[in-house]
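Protein sequences, first through last, are from chains A and B. Going by this note's numbering, the residue at position 136 of the first sequence is 136; the numbering climbs one at a time, nothing skipped. Going by this note's numbering, the residue at position 74 of the second sequence is 300; the numbering climbs one at a time, nothing skipped. Have a look at the structure below before the remarks.
Number of protein chains: 2
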Amino acid sequence: MFGFDGRSLKCLLVRRDGLDHKLPGSLIFDNEDIPSAAYRVLEEMTGLGDIYLKELSVFSDPLRVGKEDLEWINSFYGVNTRRVVTVAYYALVKLDRRILSHTQEKGALWKEVESITSLAMDHRQILHKALAMLIRDMTNSPIAFELLPKKFTIRELTDLYKAILGVEIDRRNFRKKIKSCAYILPTGEKEKGVPHKPAAYFVFDKNRYKKEEKKTRKLNFINWNE
Amino acid sequence: MFGFDGRSLKCLLVRRDGLDHKLPGSLIFDNEDIPSAAYRVLEEMTGLGDIYLKELSVFSDPLRVGKEDLEWINSFYGVNTRRVVTVAYYALVKLDRRILSHTQEKGALWKEVESITSLAMDHRQILHKALAMLIRDMTNSPIAFELLPKKFTIRELTDLYKAILGVEIDRRNFRKKIKSCAYILPTGEKEKGVPHKPAAYFVFDKNRYKKEEKKTRKLNFINWNE
Numbered sequence: 001m002f003g004f005d006g007r008s009l010k011c012l013l014v015r016r017d018g019l020d021h022k023l024p025g026s027l028i029f030d031n032e033d034i035p036s037a038a039y040r041v042l043e044e045m046t047g048l049g050d051i052y053l054k055e056l057s058v059f060s061d062p063l064r065v066g067k068e069d070l071e072w073i074n075s076f077y078g079v080n081t082r083r084v085v086t087v088a089y090y091a092l093v094k095l096d097r098r099i100l101s102h103t104q105e106k107g108a109l110w111k112e113v114e115s116i117t118s119l120a121m122d123h124r125q126i127l128h129k130a131l132a133m134l135i136r137d138m139t140n141s142p143i144a145f146e147l148l149p150k151k152f153t154i155r156e157l158t159d160l161y162k163a164i165l166g167v168e169i170d171r172r173n174f175r176k177k178i179k180s181c182a183y184i185l186p187t188g189e190k191e192k193g194v195p196h197k198p199a200a201y202f203v204f205d206k207n208r209y210k211k212e213e214k215k216t217r218k219l220n221f222i223n224w225n226e
Numbered sequence: 227m228f229g230f231d232g233r234s235l236k237c238l239l240v241r242r243d244g245l246d247h248k249l250p251g252s253l254i255f256d257n258e259d260i261p262s263a264a265y266r267v268l269e270e271m272t273g274l275g276d277i278y279l280k281e282l283s284v285f286s287d288p289l290r291v292g293k294e295d296l297e298w299i300n301s302f303y304g305v306n307t308r309r310v311v312t313v314a315y316y317a318l319v320k321l322d323r324r325i326l327s328h329t330q331e332k333g334a335l336w337k338e339v340e341s342i343t344s345l346a347m348d349h350r351q352i353l354h355k356a357l358a359m360l361i362r363d364m365t366n367s368p369i370a371f372e373l374l375p376k377k378f379t380i381r382e383l384t385d386l387y388k389a390i391l392g393v394e395i396d397r398r399n400f401r402k403k404i405k406s407c408a409y410i411l412p413t414g415e416k417e418k419g420v421p422h423k424p425a426a427y428f429v430f431d432k433n434r435y436k437k438e439e440k441k442t443r444k445l446n447f448i449n450w451n452e
């Protein structure tokens with residue numbers, strides 16, 4: 001679970017009793033499929049059901065869970081398994097007060113991705129792969145808006161790209177692009193009570209985006225990088 | 227496994243003894259991870275080890291394998307399981323004589339994707355999802371070249387796009403784009419012994435593509451559809 005608070009990209013971690021931190025997860029039930037299990041964990045942790053979720057990859061190395069971790073899993077979940085295959089998803093969350101208080105109640109921790117140095121089992125490898133996919137997806141599709149409030153300023157959008165892609169953005173050029181973009185629309189409202197010149201609020205119009213995408217997708221296949 | 231023979235997109239099917247057709251697959255061994263199992267099946271079916279393979283999705287509906295199919299799986303593989311979760315991959319193959327004779331020996335069948343009306347279990351759903359991902363990936367990345375011989379003509383490339391994306395292509399415009407493309411290079415050779423004006427052969431330069439991609443990716447994130 002990735003979250004953005006306006007400043008940096010964060011990742012939700014849970015602590016194993018007296019042990020190290022891990023990514024949130026669960027075994028699946030007999031009567032549920034894997035996406036349902038992922039949404040179940042998401043809702044448990046955030047209180048929200050309609051969160052952006054994407055399948056990342058399957059982690060299935062026979063040696064990925066060592067003897068002690070396997071014992072922990074068997075005792076924690078009350079099962080008796082010799083092998084654990086993990087299907088990883090990434091989720092995107094805008095960090096607001098409601099979510100922060102919910103995750104805190106659950107004893108979970110939003111930690112800056114950059115400062116995460118160790119995790120249980122192969123969870124650092126999972127996080128690494130999720131981050132790589134997030135970066136790639138952010139360059140190809142408008143998922144950035146999943147990490148922002150509904151109404152956002154151009155500064156907030158550039159700060160998000162800067163925080164995740166690690167690139168400096170020419171604000172004037174960027175502003176021009178946004179203004180010519182058919183699916184990022186001004187709301188007519190401006191920031192209030194800020195110590196600088198109030199910035200205009202924009203919204204992302206998903207339906208317009210889909211329409212534009214349909215129009216252009218078929219023509220774009222040879223312009224991969226132009 | 228998708229294959230292209232210069233005319234249409236085909237999919238490799240295997241027949242269950244006296245029953246319907248299914249996609250090639252296997253249970254995994256205790257000591258192998260899932261990608262290794264996928265490569266194992268690929269090599270078994272094609273004789274080749276270096277084939278383009280991409281993880282598609284996990285299929286885990288508790289009801290996806292009915293009672294009879296479960297009995298077939300348990301008897302075929304000599305196991306005793308109550309549930310089967312499938313990790314699906316798609317692979318891309320250029321259909322040449324060597325592969326065709328190998329798959330024929332294995333009793334497998336290259337069938338035109340468009341003419342596949344029914345498959346075992348939920349394999350039609352898997353094929354449908356694989357096709358959707360193939361089309362999306364073909365618009366965003368240069369995987370088309372995995373389906374073509376090393377040296378190809380512009381006609382072969384347009385025929386491939388036409389067959390898979392189902393779009394008519396303005397050949398003159400397309401030719402211009404190819405010629406200005408930094409990673410599709412003329413070999414200097416031409417077709418021989420053809421009943422029409424011999425066409426020039428091109429190659430795809432993967433390393434150049436990667437270099438170009440690095441240069442442009444960071445700048446492209448707001449131009450999703452321009």
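Virtual Cβ for every residue (Gly too), placed ideally from N, Cα, C.
Determine the burial state of residue i: buried for a count of at least 16 other Cβ atoms within 10 Å of its Cβ, exposed for fewer.
i        : result
Phe368/B : Looking at the sequence itself, residue 368/B is Pro, so the reference to Phe does not match. By the 10 Å Cβ count, Pro368/B comes out buried.
Tyr183/A : buried
Ala358/B : exposed
Val305/B : exposed
Val93/A  : buried
Arg42/A  : Note that residue 42/A corresponds to Leu in the displayed sequence, not to Arg. With 16 or more other Cβ atoms within 10 Å, it is buried.
Tyr77/A  : exposed
Lys416/B : exposed
Arg241/B : exposed
Glu226/A : Low local confidence applies: a pLDDT of 35 at Glu226/A is under 50, so the model's placement there is unreliable, and no value is given.
Pro24/A  : buried
Val339/B : buried
Asp122/A : buried
Leu127/A : buried
Val313/B : buried
Thr329/B : buried
Gly193/A : exposed
Since residue i meets chain B, which of its residues come closer than 7 Å, beta carbon to beta carbon?
i       : result
Glu55/A : Ser283 and Val284
CB residue i to CB residue j, shorter than 7 Å?
i        : j        : result
Asn235/B : Ala389/B : Sequence inspection shows Leu at residue 235/B; the Asn mentioned does not correspond to that position. Their beta carbons are under 7 Å apart, which means Leu235/B touches Ala389/B by this criterion.
Ile277/B : Ala263/B : no
Ile380/B : Arg398/B : no
Leu239/B : Lys332/B : no
Asp33/A  : Ser301/B : no
Leu386/B : His247/B : no
Ile178/B : Thr384/B : As shown, chain B starts at 227 and ends at 452. That puts residue 178/B outside it, with no answer to give.
Leu321/B : Asp431/B : no
Asn366/B : Pro62/A  : no
Ala144/A : Met45/A  : no
Residues of chain A with CB closer than 7 Å to the CB of residue i, please, in chain order.
i        : result
Val313/B : Val58
Is residue i helix, strand or coil by DSSP?
i        : result
Pro250/B : coil
Asn449/B : Low confidence applies to Asn449/B: its pLDDT is 45, below 50, so where it sits in the model is not reliable enough to give any reading.
Arg241/B : strand
Leu345/B : coil
Tyr183/A : coil
Ser57/A  : strand
Phe255/B : coil
Lys106/A : coil
Lys111/A : strand
Lys376/B : coil
Leu165/A : helix
Ala37/A  : helix
Lys418/B : coil
Leu92/A  : strand
Lys10/A  : strand
Arg272/B : Position check: residue 272/B holds Thr in this sequence, whereas Arg was assumed. Thr272/B falls in the helix class under three-state DSSP.
Thr86/A  : strand
Ala425/B : coil
Arg208/A : helix
Met227/B : coil
Just to make sure I have the definition right: I need the residues of chain B whose C-beta is within less than 9 Å of the C-beta of residue i. Which are they?
i       : result
Ile73/A : Here the premise fails: no neighbours, minimum Cβ distance about 17 Å.
Interface residues of chain A around residue i at Cβ under 8 Å?
i        : result
Asp295/B : Correct list: empty, because the minimum Cβ distance to chain A is about 17 Å.
Pro424/B : Within chain A, no residue comes near Pro424/B; the closest Cβ sits about 23 Å away, beyond 8 Å.
Does any heavy atom of the ligand PLP sit closer than 6 Å to the C-beta of residue i?
i      : result
Phe4/A : Among the components of this structure there are no ligands whatsoever, and the ligand PLP is therefore not found.
Under 9 Å between beta-carbons, which chain A residues line up against residue i? List them in chain order, please.
i        : result
Pro412/B : Residues of chain A passing the Cβ test: none, with the nearest at roughly 16 Å.
Asp256/B : Pro62, Arg82 and Arg83
Starting from the beta carbon of residue i, find every residue of chain B whose beta carbon is closer than 8 Å, and list them in chain order.
i        : result
Ile34/A  : Val284, Ser286 and Val311
Asn207/A : Those within 8 Å of Asn207/A in chain B number zero; the least Cβ separation is about 14 Å.
Query raised in the report: Would the region 278 to 295 of chain B and the region 40 to 58 of chain A be scored as touching if the rule is three or more Cβ pairs under 8 Å?
Result: Segments in contact, yes.
Query - Contact between the region 191 to 206 of chain A and the region 288 to 299 of chain B (3+ Cβ pairs under 8 Å) - result: In short, these stretches do not touch, since the Cβ pair count stays below three.
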